[in-house]
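Numbering (our numbering), first residue to last: 35 to 257.
Notes for the one structure printed next.
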Amino acid sequence: MVKFTDIKGFVFDLDGVITDTSRYHAQAWGQLADKLGVEYPGLGDAVKGISRMDALEMILKKGGLAGNYSAAEKEALAAEKNANYVQLIQNMSAKDILPGMADFLADLKAKGYGISLASASKNAPTILAKIGLSDYFTKAVDPATLQYGKPDPEIFVKAAQLLDLMPAQCIGLEDAAAGIAGINAAGETSVGIGDAELLHDAAINFTETSQVTLANIEKAMND
Numbered sequence: 035m036v037k038f039t040d041i042k043g044f045v046f047d048l049d050g051v052i053t054d055t056s057r058y059h060a061q062a063w064g065q066l067a068d069k070l071g072v073e074y075p076g077l078g079d080a081v082k083g084i085s086r087m088d089a090l091e092m093i094l095k096k097g098g099l100a101g102n103y104s105a106a107e108k109e110a111l112a113a114e115k116n117a118n119y120v121q122l123i124q125n126m127s128a129k130d131i132l133p134g135m136a137d138f139l140a141d142l143k144a145k146g147y148g149i150s151l152a153s154a155s156k157n158a159p160t161i162l163a164k165i166g167l168s169d170y171f172t173k174a175v176d177p178a179t180l181q182y183g184k185p186d187p188e189i190f191v192k193a194a195q196l197l198d199l200m201p202a203q204c205i206g207l208e209d210a211a212a213g214i215a216g217i218n219a220a221g222e223t224s225v226g227i228g229d230a231e232l233l234h235d236a237a238i239n240f241t242e243t244s245q246v247t248l249a250n251i252e253k254a255m256n257d
């Protein structure tokens with residue numbers, strides 16, 4: 035059993051942990067769906083946590099358009115959605131940092147813990163710059179180097195390597211079940227943020243980001 039005193043580093047997912055970009059994703063997909071003439075109520079929840087191409091296929095299927103586009107045309111549609119998204123996130127700022135996370139990062143840095151980013155988002159550097167947290171994440175896994183997506187542990191193993199730490203010396207923070215599975219498979223201690231039932235495999239669970247503090251993590255590990 036890993037002790038709190040063994041922990042030397044923290045590995046962060048981005049969306050749903052540090053900031054919430056899901057509404058921007060939903061809005062960008064909504065713009066594309068409107069262009070394609072597809073009515074899709076509840077689009078935000080439907081596309082959350084799935085890949086860009088899977089989300090596109092879902093929208094096309096919903097509109098009865100699944101067989102209407104070539105692979106190249108689908109790539110172009112996905113690129114258009116991303117361009118919409120990139121435009122939307124230009125308006126992000128420090129107000130988009132989730133409650134408590136700025137203080138938590140400052141505390142980690144002050145106490146000498148390693149910090150790295152394990153996000154599959156290619157837009158992560160832009161988002162971190164917009165919300166003013168880039169200085170905390172000088173160590174970040176490059177999504178272009180990944181062979182596998184979550185729940186595969188690859189991204190979390192690489193995030194630990196960037197800190198020159200063993201996975202057992204790291205805590206990983208996630209808001210999705212696939213991410214928790216990846217953290218666990220990597221051999222790191224998992225902290226789930228959100229619905230405890232959905233994140234039942236997490237070693238530690240917090241309902242809200244505001245509950246994520248070193249003191250609360252230490253207490254949970256010692257209980």
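Backbone N, C-alpha and C fix where the C-beta goes; we use that ideal spot for every residue, glycine too.
From residue 128 to residue 101, what does the alpha carbon distance come to, in whole angstroms?
Each residue's Cα considered, the two are about 42 Å apart.
Just how far apart, CA to CA, sit residue 200 and residue 194?
Cα-Cα distance, rounded: 6 Å.
Which of the three DSSP states is assigned to residue 132 in this structure?
Coil at residue 132, not helix or strand.
Quick check on residue 155: does DSSP put it in helix, strand or coil?
Residue state, collapsed to three classes: coil.
Is the stretch 217-224 in contact with the stretch 184-191, if contact means three or more CB pairs nearer than 8 Å?
Yes, the stretch 217-224 is in contact with the stretch 184-191.
Between residue 84 and residue 60, what straight-line distance do the alpha-carbon atoms span, to the nearest angstrom?
So the alpha carbons of these two residues sit roughly 12 Å apart.
Per DSSP, which residues does residue 199 bridge with? Please list them.
The partner list for residue 199 (beta bridge, DSSP) is empty, contrary to what the question assumes.
I'd like to know if the stretch 118-134 and the stretch 142-149 are in contact, where contact means that at least 3 CB-CB pairs between them fall below 8 Å.
Result no; under three Cβ-Cβ pairs closer than 8 Å.
Quick check on DSSP: helix, strand or coil for residue 208?
Note: residue 208 maps to strand in three-state DSSP.
Below 8 Å between beta carbons: does that hold for residue 138 and residue 247?
Contact flag set, yes.
Please list, in chain order, all residues of the same chain as residue 65 whose beta carbon is under 7 Å from its beta carbon, the five residues on each side excluded.
Within the same chain, residue 65 has close Cβ partners 118.
Tell me where the beta strand (DSSP E) around residue 224 begins and ends.
Looking at the DSSP string, the run of the beta strand (DSSP E) that includes residue 224 is 223-227.
Taking C-alpha atoms, which residue in 81, 202, 110 lies nearest to residue 42?
Residue 202 is the option with its Cα nearest to residue 42.
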